[in-house]
Every structure is written in C-alpha cells, then in structure tokens.
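K.L.:
Residue numbers (my numbering): 230 to 1048.
Right under this line is the structure:
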C-alpha cells in the first residue's frame, strides 16, 4: 500500500508525463480491443441459431464459374436435392425483395425476404408469436401469409398480440399475419421487415419451356456428416437434375461440369470481409506495439533520471526485489489507468462503428464489448505494465553509486559509443519508425486506391442525375403500367431544369439487368455459330442522354424504333469484342444478330446493331466489363415489368428535384410508393464504402503511429541533449561551432530514423502483397506510396529534431560548465 500511495503521488507530481503515458496506452489498447471485438464478433461468435456449426451454404458452379449472382444455385439443383436428402436434414432457400405495403397508413416500401417453409426448419427458429409457414404455403392457390420482424411488429402494431390474424396489403394483395419473430432473429439482414413464403418452380413447365431461377440456399448437416459429404451429394443430385438449357448459359455464362460446394455458413457470411478484418487487426496490433514501445521508452528515460534515487535507496538497505516491486506497482498504476481509458475509448468507437464499417458489413449486431473482449483488454493491460517495467528492472541489476553520479553527464550517447540504455532507447524508436513505415505505406496505397476508385471512368456521367425505383402494384395491366410510365416521363421532361428523363429495367449499382442467352451465325465467319451470354436491358428513348452514356458509333435508340419497325439494338464495346470478332467499330454497325436476340418482337426480322456505346461499370469501378445490349421497350410493347428505374438529368443539384418527383408520382397514382430515390453520385459514393472505410481505418492507425513515433523520437533527442549538456558545452568551449553541435543531434536522428526506415521499407515491401485484393488502379508495391511514406517519416523526424537542435544552438557553454 505504501508503494501504491507513493506511485500515485509521484504520477500526480508529474502530470504531463502521466497524461502522455496514459493517453498513449489508451490509444493502443482502445483501438486494439475495438478491432478484436470486430474480429471476435464477426468471425468467431457462432451464428444465432441452434447447432449453428451444422449449417452450410451451398453454391453451384458450372465449368468452375459461379452464377452471375454469387453463392446461388439453380432451381433444378434445389428441387433434386430437397427430395429425401442423405447428408443433410433439410435444405431451405430464400431471396430478398422490396415491396409496397399499404393498409397501415401511407404506402411504404419495405424490405422483405421470401423463403421456402423448410428454411425456418433448417435454422431451427421458433416465432415469438403465432406460427411458421406450413409446407404448401407460398404455392399457387394458397392464401397469402406473412411473418413480421420484431421491430416492424412494434412499429406497426405497437407490440400487441392481436397482430396475429390481421392483414396488410403487400403489392396490392391482402396478406394475413401468421407470426412474429423474436428480436434476435434478423435473417438474412437486419433490414428485413417481413418474411413471405415462396415455392421453387420446376425447370420444365410442362409446355416445353425451360425456367431457371437462381436462389440462395442453406442446408443443415446430419449428425456425423461433413460439408464435403454434402458437396458430393449435391453435385450428384445437380448432374441428375433436368437440364436448364440456355437458361443455365444466361445465368452462369458458361457450360461445363456441374459442381456443388458446401461451406460452413459462418465462414460464407463473413468470407468477403475476413481478409480485411485480419489485416486491420494486424495493423491494430502494430499500433499497440508502437504505443507500448513509446511508453517503455518514456519509462527508460524516467528510470535513468531516477538512477541516483534508486541507488541511494539500495545503499540504505533496499533490496533489488523491494525496488522492483516499487517500479512494478508504478507501472501497474499507469497500465491500469491506460487500460481503463482504452476500454472507454473502445466504447466510444463502438458507437461510431456503423459509420466506419462499409455498407452491408455482415454481423454488425454481433460486435460487442463482452466478457471475451474485456478479458483481452485485461491481457493487454498486463502486457503493457510488464513490458514497460522490464527495461527499468534490468537497470536495477547494475546499481552503482559512482556510475549513477557520473553517467549521463559525461557519457556520449552518440550511436555506437554511448551507454547500453541510450542504445536501447534508440533501438526502441527505430522499431517504432519501422512499424510506422509499414502502416504508412499500407495506408497510402489504400488512399491512392480509393482515389482511383473515385475518379475511375464508369462509362457514364453520374453528376446531376436523380434516380428512383418506380414499382407497380400487383394487378396493374401492361397498358396501365405503360401509360403511367410514359405520362410521368413526359411531365418530368416538362419540368424546368430537367434536360433528360428516361426509364430502364435496370441501373448501374442498383441492378445488373436481365441475363439473356441466344445463338446467331457469325457475320464474319458464316460457318461459326456464336452463343451469346449478355445483359439485356430494356430502355425508353433518351436513356443514354439521361445517364450520360457515350455513343461511340452509330445512333442511340429513338422514338422511331417502334413495334412496327424491324428490331434493332445498341450494344457495348465488350459485346463487339466478345461476339463480333473484335472488329473495328464501324464494321460492327449494321450487323445482324439473327432472329433470337429479341424473340418477343412481333416483326419477324433479324435484329440489327444500330449503335455502339462505351462499357458501363455495373457493380463498381473494379468490376470487369460485361457484354451488354439495349433494347427499346417500344418495340416490345407486350412485355410485363414489375417496375422501372427512373433516370432524370438536371441542370442543377438533382437533390432539389426529389420532392417534386415524389409529388408527381402521388398525383399520377397515390397507390405507388417510389423508393431508392438517390442521386447517381450517392449511389457511386455508396459503392465506394469499402475502399473508403479501409483507407480511413488504416490511415487512422498510421496517423496515430506517426504521432507516437514522432513523440518517441522527440523524447529521445530531447533527453539525449539534456544528458549530454556538459559534454556539448565542453565541445563548444574547445572550438566546436553551433553547426557542429547541431549536427550531432541531426546525425543521431538520421541514425535512428534511417535504420528504422530501412527495416520498415523492407517489411512493407514484403507485406504489401496482402493488400493486393483491396487495391484498384495502383500496384500494392506502388513506388509513389513508398516514396511519400519515406518523405513523411523524414519530415516527422526533422520536426522532432527542431526543438532539441534549437536548444543546443542556444546553449551558453559557460553557464553549463558553472553548474
């Protein structure tokens, strides 16, 4: 208790030192436990289902390729496997959608999940109220039913039990509420408000037509079965299923052997973010190591200054163990205060996590400061306390009164010839510089990658563009939908400030469009038959102008392209390259794609290419270009679409037109609730959430490490100058100029920083390959990033050197010698 009281009194008297030490420890521990809690919650915590380790996600491959929507299987595979499976107890499928809900106030767009009744059995979930779906619900002719999420139940029904049996209108259809899920159930995402039953259609419809549907599916392994067993059975069942024909080609873009994989569900859910989490966790560990090294350096300097005190204590009877206990108690106080402050910092960072992690980050609700995380924080606190006390304890083994009175005043602490403790301090700072260099290089690479993402040519101009999804209630005829769409577009075009208005069945960063497959005879190789797998998008005239897509040859689709004229299409560069023998653009114009490119056309004539546009990046800047064809919806008036994407180009900020767009839709039809009303710049910004988040996080780590390393270098140089003041004064009195004296300090900075830089650059070069999956537009070994990091670290060293160098330059040698 006496040591504790003395340690507290000592730290209170040295407030600046204590505050700096505690803040440094808090930063290192706080950030480390925050990243550990993310890794623990997302990667280690079991899924919130009974026997979750037996859940697997199944994926179908064709010729080694996944479907255009990853981690999905075809309906034929699902149906073949769901009949008396051997390795799994059951298999369930689901998909997500957005619907219009009415009957509970204003019409609203709500995220839902459609699932087979078997899925809830796979997940082993019991509703809070009511029941789950029965076996045949979701099939044609069955009464529509729905299950509410806990949050939606509270919001719409006030949490009352009489919600069961009530009905809501979903897309214009009265739907009965049969259950309410517990608050812990948020499958597949937290945004889902309702679950509806669904059935899986057969591949053959009995009329000679093939129908392909890709779905997400999970299965529950039987006791003793492994994912490999399930994958083998799934592969055999898929190959025995009815052939989906051209539908499979459209959805997979390849033919070849069918293979089904089964992966642990938790690993599947977190597969996209696992590498990034591990890299950020490693960066946090490096930052923690930098912080501990800095505190250890401060402790060494502080214990050196107390060398005389400790020697006198030993001279009057204190044993080495007694002195060690005192130092350990003092370090334990600092470590405990720093650890507690780190936990508070982590609590603050947890509140900010929703804004820091990328959009769609999985399992955010599983991230918590639980007992495991607090135990980790305690472990880091103990490590910090011990690490910061080891070097001072080493000094206790060589306590000599004469040395204590002389060392520091006469010794030179220059590189290679000073005391062992001085060399140790320099080694610690050099290691800090090396770690900081690794973090800085990584952060700079990610920042440059983010800037490349942001400035990439996406094939369209996102500025001044407003977009929205226009869904139609169920039951609307094709004629009514067409009339509503065309009238709304005409009214939009008549609004002041609107330059273009169009509609499309899909939109970049919102929907990839419909996948289509057909065959035609090559116009350049008559003997060759080309099998096409492409995105087919239906548009209204003015779509290219509204989205700013560049027409590089020919013409865009116009109002003159009608149901009475021969079918025409506009294709992109990738289509020409892949299916038209990569001929020059002018030769591709006018070529025929045969009779099957637009099979729904009433005019029996070959489809002709009348225009070519630049490739449009569908899923982000780093997505590969895909073959794409655009068809005028006016040429196929009988097609029935559930909704359209509106694209409006304005002269000014498009956000100012949002209220006007909503008002126009309400005037046109109050039953329609538009959703996903966003500017195109907002959609692009959302697509950049991952590279932006990774750059911000690693950049933050690098900034903290730079500050800590700079402070450590400053402390070492300042302390060295103070300890060598008598030596420097003697040098000055013997004729050394101020430049010579300042040069001693600069050389020490160069020795310490240079050594750390060399090690750091080598380590950064070696580790840079781990960043390769996360960079775009630059190399993970980008020379500019390495150069900029080196220059920044050298500047930090120079700044850290300024105050000590000025102190040396202003020293009066006579005053020092009189002391």
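By construction, the Cβ of each residue, glycine as well, lies at the ideal position given by its N, Cα and C atoms.
(1) Pull up the DSSP beta-bridge partners for residue 587, would you.
(2) Using a 10 Å radius around the Cβ and a threshold of 16 neighbouring Cβ atoms, would you call residue 261 buried or exposed?
(3) Could you pull out every residue in the same chain whose Cβ sits closer than 7 Å to the Cβ of residue 371, ignoring the five residues on either side in sequence?
(4) Give me the residue from 355, 1025, 367 with the minimum Cα distance to residue 409.
(5) How would you label residue 559, buried or exposed, when you count the other beta carbons within 10 angstroms and need 16 or more for buried?
(6) So, for residue 348: in the same chain, excluding its five sequence neighbours on each side, which residues have a beta-carbon less than 8 Å away from its beta-carbon?
(7) Please tell me whether residue 911 and residue 728 are closer than 8 Å, where the distance is taken between their beta carbons.
(8) Would you say residue 798 and residue 859 are within 8 Å of each other, going by their C-beta atoms?
(9) Taking 6 Å as the limit between beta carbons, can you name the residues of its chain near residue 510, skipping five residues before and five after?
(10) Under 8 Å Cβ to Cβ from residue 789, same chain only, skipping five residues before and after it: list those, please.
(11) In whole angstroms, what separates the C-alpha of residue 1024 from that of residue 662?
(12) Please report how far the alpha carbon of residue 217 lies from the alpha carbon of residue 598, in whole angstroms.
(13) In three-state DSSP terms, what is residue 301?
(14) DSSP state of residue 316, grouped into three classes?
(15) Flag this pair as yes or no: are the beta carbons of residue 491 and residue 465 separated by less than 8 Å?
(16) May I have the straight-line CA-CA distance separating residue 506 from residue 777, to the nearest angstrom?
(17) Can you tell me the Cα-Cα spacing of residue 979 and residue 1007, whole angstroms?
(18) Cutting at 8 Å between CB atoms, please list the residues of its own chain near residue 924, excluding the five before and the five after it.
(19) Which first and last residues belong to the beta strand (DSSP E) in which residue 969 is found?
(20) Count Cβ pairs between the stretch 732–741 and the stretch 762–775 that sit closer than 8 Å; are there 3 or more?
(21) Excluding the five sequence neighbours on either side, which residues of its own chain have a C-beta within less than 7 Å of the C-beta of residue 630, listed in chain order?
(22) In this structure, how does DSSP classify residue 640 when only helix, strand and coil are distinguished?
(23) Can you name the residues that DSSP bridges to residue 493?
(24) At which residues does the alpha helix (DSSP H) containing residue 178 begin and terminate?
(25) Would you kindly work out how many angstroms separate the C-alpha atoms of residue 870 and residue 317, rounded to a whole number?
(26) What are the boundary residues of the alpha helix (DSSP H) that includes residue 770?
(27) Considering Cα atoms alone, identify which of 588, 804, 383 is closest to residue 856.
(28) Whose C-alpha, out of 449, 439, 452, is nearest the C-alpha of residue 470?
(29) On the criterion of 16 or more Cβ atoms from any shown chain inside 10 Å, does residue 831 qualify as buried, or is it exposed?
(30) Suppose only complete runs of 4+ residues qualify. What are the alpha helix (DSSP H) ranges in the stretch 700–745, listed by chain order?
(31) Which term fits residue 646, buried or exposed, when burial requires 16 or more other beta carbons within 10 angstroms of its beta carbon?
(32) Cα-Cα, which of 748, 785, 915, 723 is closest to residue 737?
(33) Using a threshold of 8 Å, state whether the C-beta atoms of residue 1022 and residue 519 are closer than that.
(34) Give the DSSP-derived three-state secondary structure of residue 877 in the structure shown.
P.N.:
According to the structure data:
(1) Your numbering for residue 587 matches position 358 in the chain shown. Beta-bridge partners assigned by DSSP to residue 587: none are found.
(2) Residue 261 sits at position 32 when you count from the first residue of the chain shown. Buried is the call here.
(3) Position 142 of the chain shown, counting from 1, holds the residue named residue 371. Hits under 7 Å: 365.
(4) Here residue 409 refers to the residue found at position 180 of the chain shown. Comparing Cα positions, the closest option is 355.
(5) Here residue 559 refers to the residue found at position 330 when the chain shown is read from its first residue. Per the 10 Å Cβ criterion, buried.
(6) Position 119 of the chain shown, counted from the first residue, corresponds to residue 348. Counting only residues of its own chain and dropping the five nearest sequence neighbours on each side, residue 348 has a CB closer than 8 Å to the CB of 321, 322, 323, 447.
(7) Taking the chain shown and counting its residues from 1, the one referred to as residue 911 is at position 682. Taking the chain shown and counting its residues from 1, the one referred to as residue 728 is at position 499. Going by C-beta atoms, residue 911 is not nearer than 8 Å to residue 728.
(8) Your numbering for residue 798 matches position 569 in the chain shown. Your numbering for residue 859 matches position 630 in the chain shown. Yes, the Cβ-Cβ distance between residue 798 and residue 859 is below 8 Å.
(9) On the chain shown, position 281 is the one that residue 510 refers to. The residues are 264, 268.
(10) Counted from its first residue, the chain shown places residue 789 at position 560. For residue 789, where only same-chain residues beyond five positions count, there are no Cβ hits under 8 Å.
(11) Locating residue 1024 in the chain shown gives position 795, where the first residue counts as 1. Locating residue 662 in the chain shown gives position 433, where the first residue counts as 1. If I take the Cα positions, the gap works out to 12 Å.
(12) Residue 217 cannot be examined here, being either before or after the span of the chain that is shown, 230 to 1048.
(13) To locate residue 301, count along the chain shown from 1; it is residue 72. Three-state DSSP puts residue 301 in coil, outside helix and strand.
(14) Residue 316 sits at position 87 when you count from the first residue of the chain shown. Reduced to three states, the DSSP call for residue 316 is coil.
(15) Position 262 of the chain shown holds residue 491. Position 236 of the chain shown holds residue 465. In this structure, residue 465 does not lie closer than 8 Å to residue 491 by Cβ.
(16) For the purposes of this step, residue 506 is identified with residue 277 of the chain shown, where counting begins at 1. For the purposes of this step, residue 777 is identified with residue 548 of the chain shown, where counting begins at 1. The straight-line gap from Cα to Cα measures roughly 37 Å.
(17) Residue numbering aside, residue 979 sits at position 750 when the chain shown is read from its first letter. Residue numbering aside, residue 1007 sits at position 778 when the chain shown is read from its first letter. Distance between the alpha carbons of residue 979 and residue 1007: 31 Å.
(18) The residue given as residue 924 occupies position 695 in the chain shown. Contacts found: 672, 675, 676, 678, 679.
(19) Locating residue 969 in the chain shown gives position 740, where the first residue counts as 1. No beta strand (DSSP E) contains residue 969, which is instead part of the alpha helix (DSSP H) from 967–996.
(20) yes
(21) Here residue 630 corresponds to residue number 401 of the chain shown, with the count starting at 1. At residue 630 the pLDDT is 45, less than 50, meaning the model places this residue with poor confidence and gives no usable figure here.
(22) Counting from 1 along the chain shown, the entry for residue 640 is found at position 411. With a pLDDT of 43 at residue 640, under the threshold of 50, the modelled position of that residue is not reliable, and the figure given next carries that caveat. Residue 640 falls in the coil class under three-state DSSP.
(23) Within the chain shown, the letter at position 264 stands for residue 493. Partner(s): 285.
(24) The structure shown does not extend to residue 178, since the chain spans only 230 to 1048, so no value can be given for it.
(25) Working through the chain shown from its first residue, we reach residue 870 at position 641. Working through the chain shown from its first residue, we reach residue 317 at position 88. Computed Cα separation, rounded: 37 Å.
(26) Counted from its first residue, the chain shown places residue 770 at position 541. Premise fails: residue 770 is in no alpha helix (DSSP H) and is neither H nor E.
(27) Taking the chain shown and counting its residues from 1, the one referred to as residue 856 is at position 627. Nearest to residue 856 by C-alpha distance, out of 588, 804, 383, is 804.
(28) Locating residue 470 in the chain shown gives position 241, counting from the first residue. Measuring from the Cα of residue 470, the nearest candidate turns out to be 439.
(29) Residue numbering aside, residue 831 sits at position 602 when the chain shown is read from its first letter. Exposed.
(30) 707–722
(31) By 1-based counting over the chain shown, the position of residue 646 is 417. Legend: pLDDT at residue 646 = 40, less than 50; position of this residue unreliable, value from coordinates given subsequently. Exposed, by the Cβ-count rule.
(32) Counted from its first residue, the chain shown places residue 737 at position 508. Per the Cα distances, 915.
(33) Within the chain shown, the letter at position 793 stands for residue 1022. Within the chain shown, the letter at position 290 stands for residue 519. No. Outside cutoff.
(34) Within the chain shown, residue 877 is the residue found at index 648, counting from 1. Secondary structure at residue 877: strand, using DSSP grouped into helix, strand and coil.
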